[in-house]
Structures are given as C-alpha cells and as structure tokens.
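Here's the structure we're looking at; comments come further down.
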Amino acid sequence: MGLFSFIKEAGEKLFGGKEVEAAAAQAASNPAPLQDLNDKAARAIEAYIASQNLGVQGVQVAFDGASGKVVVQGQAPTQEAKEKVTLCCGNVASVKDVDNLMAVSAPSPEAQYHDVVRGDTLSAIAKKYYGDANKYPVIFEANKPMLSHPDKIYPGQKLRIPPLA
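So in the working numbering, spot 96 of the sequence shown is number 202, and the numbers just go up one at a time.
Structural data, given as structure tokens:
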C-alpha cells in the first residue's frame with residue numbers, strides 16, 4: 107500500500123498538534139516532552155480508529171511529531187478496513203504521512219484516492235471517477251463512518267474511491 111501523504115493542517119483535531127510541533131523544535135535539547143506528546147497523539151489516533159468500529163485488531167500506532175508521520179500496524183479483516191484505517195490516521199490535523207503496515211485477512215484490489223479541493227462535491231467526484239454523478243453514494247458508503255453526511259467534506263480531506271462492483 108505504501109506511504110500516503112496528507113495535508114498536515116486539515117482534519118480532525120484529536121490532540122495538541124501545535125504543542126507537538128513546538129516540542130519537536132526543542133527536541134534536540136530535551137527529547138522527553140516530545141516523546142510523551144508523541145505517545146499521547148498515538149493513543150488518541152488509536153482511540154479514534156477504535157471508535158470507527160472497522161473490525162481491526164491489535165492496532166498499534168506510532169506518531170512522530172517532528173515529521174508528522176504515523177506508522178500503524180495490526181490486522182484488518184478486509185482491504186477496505188485497512189484503507190479506512192489509513193484515512194482515519196491521515197485525516198487528523200498534524201499528520202502529514204501514513205505508513206500502513208497492517209496485514210489483511212481477505213486481500214482485494216486497492217481503491218483509488220481523491221484529495222478534496224475547494225468546490226468539490228461527492229457528485230462531482232463520482233462523475234470524475236465513475237462517469238456518473240449519481241454514483242456518489244458509492245463514495246459516501248466507502249468513506250463511512252469517517253463521513254457522517256454526503257455534503258460534509260472539506261478541502262484537504264482524502265477520500266477512498268473504490269472500484270465499482
């Protein structure tokens with residue numbers, strides 16, 4: 107699956123990102139506060155993943171505030187669940203990159219991804235990828251539970267675009 111890049115300033119605010127960045131800047135002289143904040147951020151991301159009820163097990167998250175990188179490990183029941191974990195991690199403020207090392211019980215082809223820009227709608231995204239704006243529910247369902255409503259997407263968010271069945 108590889109390393110995925112996200113917009114660092116966009117996403118859920120689960121922890122004190124600015125606090126982590128400040129500690130990262132001072133880490134050369136005293137790395138202890140940064141490690142504590144990195145651990146706190148990793149636990150917040152783990153809790154967020156758990157709250158999505160994706161059926162993943164043994165999730166372990168490591169966060170590096172200096173680089174904004176998340177590494178996630180564990181076991182996902184499907185490729186879809188693994189991809190949703192990537193989105194859970196990446197669509198968090200202060201996260202720039204996600205390296206998803208999760209194993210998948212039932213592998214399948216990977217989805218495409220779309221970076222939301224100002225003016226995007228799920229209908230327009232569906233038209234772009236599927237040639238039919240009325241296929242927007244496919245994208246909405248593929249990004250649940252991170253999306254709560256089809257009209258609530260924001261610039262900087264990354265969305266899964268699964269292949270049509």
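Built from N, CA and C at the ideal position, the CB exists for glycine as well.
Let me know the secondary structure DSSP gives residue i once reduced to three states.
i       : result
Thr-184 : strand
Asn-206 : strand
Phe-121 : coil
Ser-229 : helix
Asp-221 : strand
Gln-158 : coil
Gln-263 : coil
Lys-241 : helix
When the Cα atoms are used, what is the spatial distance from residue i to residue j?
i       : j       : result
Ala-271 : Pro-215 : 12 Å
Ser-173 : Gly-196 : 13 Å
Ala-187 : Gly-161 : 7 Å
Gly-237 : Asn-144 : 42 Å
Val-201 : Asp-226 : 22 Å
Lys-250 : Pro-139 : 35 Å
Leu-207 : Tyr-219 : 18 Å
Taking residue i and residue j to be in contact with their CB atoms under 8 Å, please state how far apart those CB atoms are, rounded to whole angstroms.
i       : j       : result
Gly-180 : Gln-163 : 6 Å
Phe-121 : Ala-168 : 14 Å between Cβ atoms; not a contact.
Considering only the alpha carbon of each residue, which of the options lies closest to residue i?
i       : options                               : result
His-255 : Tyr-235, Gly-237 and Ser-229          : Ser-229
Ala-148 : Ile-231, Val-178 and Val-223          : Val-178
Gln-141 : Glu-118, Ala-153, Phe-112 and Gly-171 : Gly-171
Leu-109 : Gln-185, Ala-209 and Lys-175          : Lys-175
Ala-190 : Asp-205, Ile-155, Gly-262 and Lys-241 : Here residue 190 turns out to be Lys, not Ala, going by the sequence shown. The shortest C-alpha separation from Lys-190 is found at Ile-155.
Contact between the region 258-270 and the region 220-237 (3+ Cβ pairs under 8 Å):
Under the three-pair Cβ rule at 8 Å, the region 258-270 counts as touching the region 220-237.
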